[in-house]
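Encoded as structure tokens, the structure appears first; notes follow it.
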Amino acid sequence: MPELPEVETVRRGLAPVMEGARILRVELRRADLRFPFPDSFVNRLTGWRIAAADRRAKYLLFHLTSGETLIIHLGMTGRFIVEAEELDGKPGAFDHLLTNIPAHDHVVFHIDGPDGVAKVTYNDVRRFGFMDLIETDKLADSTHFAEMGPEPLTNSFSGASLSDALHGRNAPVKQALLDQRVIAGLGNIYVCEALHRAGISPKRKAKSVVGKRAERLAPAIRDILTEAIRAGGSTLKDYAGADGALGYFQHDFKVYDRAGQECGACSQPIKRIVQSGRSTFYCSSCQR
DNA sequence: CGATTAACCTGGAAGC
DNA sequence: TGCTTCCAGGTTAATC
């Protein structure tokens, strides 16, 4: 469940369960997801405590007392399911959330946390997600983050910094905003929504988004993401599980997945086009 | 260098 | 009902 608001929602769901917890045991059910698991993955986790549940862009970061950080990217379909462990045969606190756990449970973390012994399962149908272990001190220089752009919800992100990042780019602004080196954490949904809110055509050359347009776009991005986080992210498919990601921002979409429907602002039909192989939804009347 | 395309993988929905 | 095709919230490797 991928973009920044969904990852932040997952982080907020897992933090109370994971922070301060000790990793008792890890079940690794395959050698790779999108990439192979790092060497000695299970050994480097087992026995350590999770000091904090953090996030950078679409990556979850679990800082361990070992000095390493467990990095988890959810890809397109990664999710977590939390269950209380049934040590003594008594029903667990989360058992009411247990429906049928499907076949794609790849990693199970058994932890001893603030709420007792729990089982945190990583499930990922398409296996586009991945996990890594990096020394916490070297995170910023790691391949995952070295070239990554600014977090849109921090003070370093502004209209000026955005137009700087888009400078000289001939690609459509839609495509540039999906480039994590330009800005971190956006995906297809929130790029479409932010461009609509800012009144900017997704087809406009990225380098032309300067001045007033950039000053509109930066707050549009920030506001959309903030509102989406407040709504618990967007849920496109229903998931049964304690993944903390049953959001409802999808009800607030103005353009995404609304091709043919009326634009709420001008009543013209929303268009769907394909840009670099991905759907773009926009209003050709409101967005120039 | 930037831009475009294919590829990774599974499953649900739509079309015939 | 069954088969085929298309599509999906992401990234990356290989081209041009």
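For the first sequence, position 223 (counting from the first letter as 1) is numbered 278 according to our numbering, and the numbering increases by one without interruption. Even for Gly, the Cβ is constructed at its ideal location relative to N, Cα and C.
- In the assembly as shown, F308 is a buried residue. Its beta-carbon has 16 or more other beta-carbons within 10 Å.
- Looking at the backbone, the Cα of N210 and that of D167 are separated by about 36 angstroms.
- R66: not part of any beta strand (DSSP E); member of the alpha helix (DSSP H) spanning L59 to M73, first to last residue.
- Taking C-beta atoms as the reference points, G302 and E63 fail to come closer than 8 angstroms.
- Annotation for I328: the continuous beta strand (DSSP E) segment containing it runs K326 to Q330.
- In the DSSP secondary-structure assignment, S218 is not bridged to any residue.
- Burial state of A273 is buried, judged by a 10 Å Cβ sphere holding 16 or more other Cβ atoms.
- DSSP lists no bridge partner for P207.
- Look at the stretch 248-308 and you find these whole runs of alpha helix (DSSP H), each 4 residues long or longer: 266-285.
- Ranked by Cα distance from I255, the options C341, A173 and H128 are led by C341.
- Residue environment for G133: buried (at least 16 other C-beta atoms within 10 angstroms of its C-beta).
- Following the DSSP letters along the chain, one finds F96 in no beta strand (DSSP E) but inside the alpha helix (DSSP H) bounded by residues F96 to L100.
- Counting the other Cβ atoms within 10 Å of the Cβ of F90 gives fewer than 16, which makes it exposed.
- A direct Cα-to-Cα measurement between G171 and L69 gives close to 14 angstroms.
- Residue L100 holds the alpha-carbon nearest to the alpha-carbon of F117 among A220, L100 and M131.
- A check of alpha carbon separations from F212 across S339, I126 and G240 identifies G240 as the nearest.
- The stretch 274-288 makes contact with the stretch 229-248, as at least three CB pairs between them are under 8 angstroms.
- Counting of Cβ neighbours within 10 angstroms places L83 among the exposed residues, the total staying below 16.
- Taking C-beta atoms as the reference points, V65 and L115 count as a pair closer than 8 angstroms.
- The Cβ atoms of P227 and K260 sit closer than 8 angstroms to each other.
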